[in-house]
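Colleague: After the structure tokens below, expect a handful of questions from me.
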Amino acid sequence: MEVFFSDRIEDGRVILSEEESNHCTRVLRHKVGDEISVIDGEGTLYMCRLIRVGKESEAEIIESVSSWHSHPYRLILGVCPTKNNDRFEWFVEKAVEIGVDEIVPLIGDRSERKVYKKERAERIALSAAKQSLKGAVPLIHDPQSVSSYIMAAPSDAVKMIAYCFDGNKISIKKALEGAPEGSEIIVLIGPEGDFSPAEAASAISRGFIPVHLGDSRLRTETAAVTAAEAVYFNFMK
5 MEVFFSDRIE
15 DGRVILSEEE
25 SNHCTRVLRH
35 KVGDEISVID
45 GEGTLYMCRL
55 IRVGKESEAE
65 IIESVSSWHS
75 HPYRLILGVC
85 PTKNNDRFEW
95 FVEKAVEIGV
105 DEIVPLIGDR
115 SERKVYKKER
125 AERIALSAAK
135 QSLKGAVPLI
145 HDPQSVSSYI
155 MAAPSDAVKM
165 IAYCFDGNKI
175 SIKKALEGAP
185 EGSEIIVLIG
195 PEGDFSPAEA
205 ASAISRGFIP
215 VHLGDSRLRT
225 ETAAVTAAEA
235 VYFNFMK
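Numbering (this note's numbering), first residue to last: 5 to 241.
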């Protein structure tokens with residue numbers, strides 16, 4: 005199934021951008037009269053018929069499907085970008101395929117990467133959403149400090165912090181016991197050097213549950229994908 009993207013839905017019609025139009029009509033050779041599938045990035049799939057081919061092609065909407073291939077929870081992953089940017093981009097791609105709603109690049113006390121530009125991650129997230137057949141494209145936030153995010157995190161979410169220090173920790177599955185469908189879930193994953201003791205203490209004081217991801221020592225990007233999978237399998241029947 006080929007899926008295209010458009011954020012221009014107007015009067016029962018979809019306008020494809022120059023890039024999407026080029027892929028649709030030049031690469032895949034769709035022509036007027038062909039039916040195509042378009043997501044709006046907000047969760048809706050539109051079944052359309054091409055009515056005009058050009059620099060920006062146009063299609064009429066035949067049918068729409070809301071919450072297309074959505075998941076029964078809202079997941080926010082706060083992850084410290086890795087020193088090797090390719091690894092963080094790999095995480096973004098895989099997290100989108102599994103199911104995530106927001107990704108927050110976090111800069112921690114021990115982060116080796118102190119600057120992060122989100123534009124490429126946004127393109128990867130869009131591509132992964134189309135590839136994995138999802139109607140919604142996750143929001144990639146501007147980077148922010150671990151401490152500021154902890155302070156601003158909503159009080160009614162199920163909030164977790166995964167870290168390697170000694171102390172009592174539970175599994176994500178245990179932390180989600182009793183969480184109903186539709187819950188907002190936040191999981192924080194630290195940098196290569198882990199969260200600092202001060203960051204972990206601050207998170208716990210603000211209601212974050214300390215969790216573990218098993219006995220293996222995981223890289224940042226692996227830990228983040230593992231957390232996404234743990235949440236996914238907790239809610240999938």
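All C-beta atoms in this analysis are idealised placements derived from N, C-alpha and C, irrespective of residue type, glycine included.
1) Looking only at its own chain, which residues have a Cβ that is under 8 Å from the Cβ of Ala99, when we skip the five neighbours before and after it?
2) Relative to the alpha-carbon of Gly58, which residue among Glu24, Ser151, Glu126, Thr224 has its alpha-carbon at the smallest distance?
3) When DSSP labels each residue in this structure, what does Met155 get in the three-state scheme?
4) Buried or exposed: Ile193, going by 16 or more other Cβ atoms within 10 Å of its Cβ?
5) To test your reading of the DSSP string, which unbroken beta strand (DSSP E) runs of 3 or more residues are found completely within the stretch 157 to 183?
6) Based on the DSSP output, what are the partners of Met51 in its beta bridges?
7) Going by DSSP, name the residue or residues bridged to His216.
8) Is Cys28 close to chain D, meaning its C-beta is less than 9 Å from at least one C-beta of that chain?
9) Using only CA atoms, which one of Val7, Ile208, Arg30 lies nearest to Tyr167?
10) Could you give the DSSP three-state label for Ser25: helix, strand or coil?
11) For Phe9, write down the residues that DSSP places opposite it in a beta bridge.
12) Shortest alpha-carbon distance to Val191 belongs to which of Glu225, Ala133, Cys52, Val119?
13) Count the CB pairs spanning the stretch 59 to 71 and the stretch 82 to 92 that are closer than 8 Å, and state whether there are at least three.
14) Please classify Leu169: is it buried, with 16 or more other beta-carbons within 10 angstroms of its beta-carbon, or exposed?
15) Does Lys204 pass the burial test, meaning 16 or more other C-beta atoms within 10 Å, or should it be called exposed?
Modeller: Based on what the coordinates show:
1) Leu81, Ile107, Pro142, Ala228, Val229, Ala232
2) Glu24
3) helix
4) buried
5) 162 to 166
6) Ser41, Glu67
7) Ser175
8) Absent from the structure: chain D. Only one protein chain is present.
9) Ile208
10) helix
11) Ile43
12) Glu225
13) no
14) Per the sequence shown, the amino acid found at residue 169 is Phe instead of Leu. Exposed, since its Cβ has fewer than 16 Cβ neighbours within 10 Å.
15) Strictly speaking, residue 204 in this sequence is Ala, with Lys absent from that position. Buried is the call here.
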